[in-house]
Amino acid sequence: MKSTVEKVSNLQRRLNIEVPAEVVAGAFDKVFKGIQRQANIKGFRQGKAPIATIKSMYGDQVKNDVAQELIQKHYFDALQEHKLDPISYPEFEFDVPKETGDFSFSANFDVRPEIALKKYEGLEVTTEKFVVDDQKVNDVLENIRASRANLVDVIEARPAQLGDVAVIDFEGSVDGKPLDGGSGKNHNLELGANQFIEGFEQGIVGMAVGGQKTLSLKFPDPYHSADLAGKPVEFKVTLVGLKKKALPELNDEFVKTLGGFESVDKLKATIREDLEQNEKRRIESDTKNRLLKELVKNNPVEVPPSMLADQKKALVDDMRKRMTEQGMDEAGFEDYAKKWDRDFETTAGEMIQSGFLVDAIAKKHDLRWTQEELDAKIAEYAAQTGIDLERIREFYSKPEQTQRLTYMITEEKTIAHLLKSAKLKEVPASELKDA
0 MKSTVEKVSN LQRRLNIEVP AEVVAGAFDK VFKGIQRQAN IKGFRQGKAP
50 IATIKSMYGD QVKNDVAQEL IQKHYFDALQ EHKLDPISYP EFEFDVPKET
100 GDFSFSANFD VRPEIALKKY EGLEVTTEKF VVDDQKVNDV LENIRASRAN
150 LVDVIEARPA QLGDVAVIDF EGSVDGKPLD GGSGKNHNLE LGANQFIEGF
200 EQGIVGMAVG GQKTLSLKFP DPYHSADLAG KPVEFKVTLV GLKKKALPEL
250 NDEFVKTLGG FESVDKLKAT IREDLEQNEK RRIESDTKNR LLKELVKNNP
300 VEVPPSMLAD QKKALVDDMR KRMTEQGMDE AGFEDYAKKW DRDFETTAGE
350 MIQSGFLVDA IAKKHDLRWT QEELDAKIAE YAAQTGIDLE RIREFYSKPE
400 QTQRLTYMIT EEKTIAHLLK SAKLKEVPAS ELKDA
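Anchor point for the sequence shown: position 215 equals 214 in numbering that gives the first Met the number 0, and the numbering is continuous, going up by one each time.
Set out below in C-alpha cells:
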C-alpha cells in the first residue's frame with residue numbers, strides 16, 4: 000500500500016491511497032469464493048459451481064463489496080501510518096475496482112485543531128448580583144392573587160385602561176380580504192398582557208364602551224405565519240364591555256385555600272426559598288456561559304468546518320422544534336432561520352471552541368470524570384425525576400448518552416476549577432450586558 004497526505008487547509012486533509020494489484024486480486028478472490036460456498040446454481044451442487052461461472056454471474060455485483068473491504072482496511076492502516084486523528088466522518092472518492100490492476104481511492108476529512116492555552120486562569124467575568132428582595136416575593140404573591148381573581152363589570156363611566164379586561168368584537172382584514180382566524184365576538188382581552196400583535200391592545204386603551212375603532216397595524220417580521228410576516232392589517236374593533244379583576248384579599252384564610260399553607264408568612268417563606276433556589280441556578284448558569292465566552296475570547300480555536308456545520312444544524316433543528324410547537328409554520332421558521340443565520344453560526348462556533356478548551360484544560364489539570372462521579376450523577380437524576388434507577392442506568396448505558404453525561408461532569412469540574420481563579424464582578428441585573 001502506498002499513501003500520501005495533502006493538506007487542503009489547516010484542518011482539512013486529503014488522504015490518497017493506492018492498493019497494489021495483488022492485494023486487489025486477493026480481495027476479489029476472497030469475495031468470489033465466499034459466494035461460491037453459498038450459491039445455489041442450477042446444474043451444480045451448492046458450493047461446487049466453478050469460479051469462472053461465479054465470476055460471469057456475479058462479477059459486476061461484487062465490485063462495490065471489494066471496494067468497501069479494501070477501503071475499510073487500508074484507510075485505517077494509512078491513518079496509523081501518518082498519525083492522523085480525523086474528527087469528522089471521511090468522504091471517500093474512488094473508481095470501480097478491477098480484478099486486475101491497482102485500486103486507488105481518496106479520503107477527505109477534518110482533523111482536530113491544535114489547542115494553545117494562552118489565558119484561562121484569572122479570567123475577568125461580570126456576573127449578576129444575587130438578589131431576592133421583598134419586591135420579588137410580592138410580585139409572586141400578586142401573580143397568585145391574580146390567578147384567583149374574579150372578573151367584575153366596571154361600573155363607573157370611564158375609558159379602557161391598561162389592566163382592564165376588554166370585551167370586544169373584532170374583524171381583521173389583509174389586502175381588503177377577511178383575515179382567516181382574525182375575527183371574534185365577545186372576546187375577553189386583558190389590556191397589557193400582549194396577547195395580540197403590537198399596537199392592538201394599546202389601540203383599545205382610551206376607548207369607551209360602545210365605541211368603535213379601526214386599528215391599522217402591521218404583523219411582526221418574522222411571524223409564525225410566513226405569508227403574514229410584515230404585512231399591514233386592519234382590525235375593526237367594537238368595545239362591547241369592560242371588566243376588571245377583583246383580587247382576593249391576601250390573608251390567612253385565602254392562603255389556606257391554596258393548600259399546604261397555614262398563613263401568609265408561611266407562604267412568603269416558601270416563595271422566598273423557591274426564588275432563592277431558582278435565582279441561584281439561573282445566575283450560576285449565566286455565570287458559566289459568560290465564563291466560557293471569556294475563555295473562548297482569550298483562547299480562540301480554529302473550528303473544523305464539518306463540526307461547525309453539524310453543530311449549527313443541531314441548533315437550528317432544536318429551535319425549529321420549539322418554534323413549530325409554539326405555532327410557527329415551516330415557511331415562517333425558514334424566514335426566521337435566515338434572519339438569524341449568523342447568530343446560529345456564531346453560537347455553534349463558540350460551543351465547539353469551548354468544548355475543545357474544556358477538554359484541553361481537563362487533560363492538563365487531570366479533571367476527567369470518574370466512574371464514581373458518573374454513578375452519582377445518574378443516581379441524582381433518578382432522585383430528581385422519580386424514575387427507577389435501573390431505567391436511568393439503562394438509558395445512560397448507551398454510548399451517545401454516556402458520552403454526553405461524562406462530558407457534562409468534566410465540564411462541571413473544569414468550570415469549578417476556572418472559577419477558583421476567576422475575577423468575578425457582581426453588578427445589578429440592570430447593568431449586566433448580554434453575554
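From the three backbone atoms N, C-alpha and C, an ideal C-beta is built for every residue, glycine too.
Roughly how far, in whole angstroms, is the beta-carbon of residue i from the beta-carbon of residue j, given that I think they are within contact range, below 8 Å?
i: Glu-189; j: Leu-214; result: The Cβ separation is near 17 Å, so there is no contact.
i: Leu-307; j: Thr-346; result: Their Cβ separation, rounded to whole angstroms, is 11 Å, which puts Leu-307 and Thr-346 out of contact at 8 Å.
i: Leu-238; j: Ala-207; result: 7 Å
i: Lys-244; j: Ala-145; result: 6 Å
i: Thr-126; j: Arg-289; result: 6 Å
i: Val-7; j: Pro-96; result: Not confirmed; about 25 Å, so no contact.
i: Glu-275; j: Val-131; result: 5 Å
i: Lys-311; j: Phe-343; result: 5 Å
i: Tyr-119; j: Leu-294; result: 6 Å
At the level of alpha carbons, what is the spacing between residue i and residue j?
i: Leu-116; j: Thr-413; result: 14 Å
i: His-364; j: Lys-128; result: 30 Å
i: Val-61; j: Arg-403; result: 39 Å
i: Thr-409; j: Arg-390; result: 23 Å
i: Glu-17; j: Asn-298; result: 40 Å
i: Glu-411; j: Leu-246; result: 45 Å
i: Pro-231; j: Phe-199; result: 13 Å
i: Lys-287; j: Lys-419; result: 13 Å
i: Asn-176; j: Ala-336; result: It is Lys, not Asn, that sits at residue 176 in the sequence shown. The alpha-carbon atoms of Lys-176 and Ala-336 are separated by roughly 29 Å.
i: Lys-296; j: Asp-374; result: 34 Å
i: Asp-226; j: Lys-338; result: 16 Å
i: Leu-417; j: Arg-111; result: 23 Å
i: Glu-283; j: Ala-415; result: 11 Å
i: Tyr-406; j: Trp-368; result: 8 Å
i: Leu-366; j: Leu-388; result: 26 Å
i: Gly-229; j: Pro-219; result: 5 Å
i: Val-426; j: Asn-185; result: 47 Å
i: Ala-428; j: Ile-154; result: 41 Å
i: Ala-268; j: Leu-178; result: 49 Å
Tell me which same chain residues have a C-beta within less than 7 Å of the C-beta of residue i, skipping the five on either side of it?
i: Thr-401; result: Tyr-395
i: Ile-114; result: Val-300, Phe-355, Leu-356 and Ala-359
i: Ala-165; result: Ala-159, Leu-188, Leu-190, Ile-203, Leu-238 and Leu-241
i: Val-65; result: Ala-26, Phe-27, Val-30 and Pro-96
i: Phe-332; result: Arg-319, Met-322 and Thr-323
i: Phe-104; result: Ile-16, Ile-70, Phe-91, Glu-92 and Phe-93
i: Asp-291; result: What sits at residue 291 in the sequence shown is Leu, not Asp. Ser-353.
i: Glu-249; result: Per the sequence shown, the amino acid found at residue 249 is Leu instead of Glu. The residues are Leu-140, Arg-144 and Val-263.
DSSP state of residue i, grouped into three classes?
i: His-81; result: helix
i: Asn-137; result: helix
i: Gln-11; result: strand
i: Asp-101; result: coil
i: Ser-429; result: helix
i: Pro-398; result: helix
i: Leu-314; result: helix
i: Ile-414; result: helix
i: Phe-93; result: strand
i: Ile-282; result: helix
i: Val-124; result: strand
i: Thr-409; result: helix
i: Glu-233; result: strand
i: Leu-241; result: strand
Might you give, ordered along the chain, the residues of its own chain that have their beta carbon closer than 8 Å to the beta carbon of residue i, omitting 5 neighbours on each side?
i: Glu-90; result: Ala-106, Asn-107 and Phe-108
i: Gln-134; result: none
i: Val-4; result: Arg-12, Arg-13, Leu-14, Asn-15, His-81 and Leu-83
i: Pro-304; result: Leu-10, Gln-11 and Asp-109
i: Asp-251; result: Glu-261, Ser-262 and Val-263
i: Leu-150; result: Val-164, Asn-187, Lys-242, Lys-243, Lys-244 and Ala-245
CB-CB under 6 Å to residue i, same chain, minus the five flanking residues each way: which ones, in chain order?
i: Glu-170; result: Ser-182 and Lys-235
i: Glu-123; result: Lys-422
i: Lys-424; result: Thr-125
i: Gln-211; result: Thr-237
Please specify which runs of the beta strand (DSSP E), each continuous and at least 3 residues long, are wholly inside the stretch 284 to 311, giving them in chain order. When DSSP assignments are scanned along the stretch 284 to 311, no uninterrupted stretch of beta strand (DSSP E) that is 3 or more residues long falls wholly within it.
What are the start and end residues of each continuous alpha helix (DSSP H) run of 4 or more residues lying completely inside the stretch 143 to 221, in chain order? You should have 199 to 203.
Which complete alpha helix (DSSP H) runs does the stretch 339 to 381 hold, if anything under 4 residues is left out? As far as the stretch 339 to 381 is concerned, its whole alpha helix (DSSP H) runs of at least 4 residues are 340 to 363.
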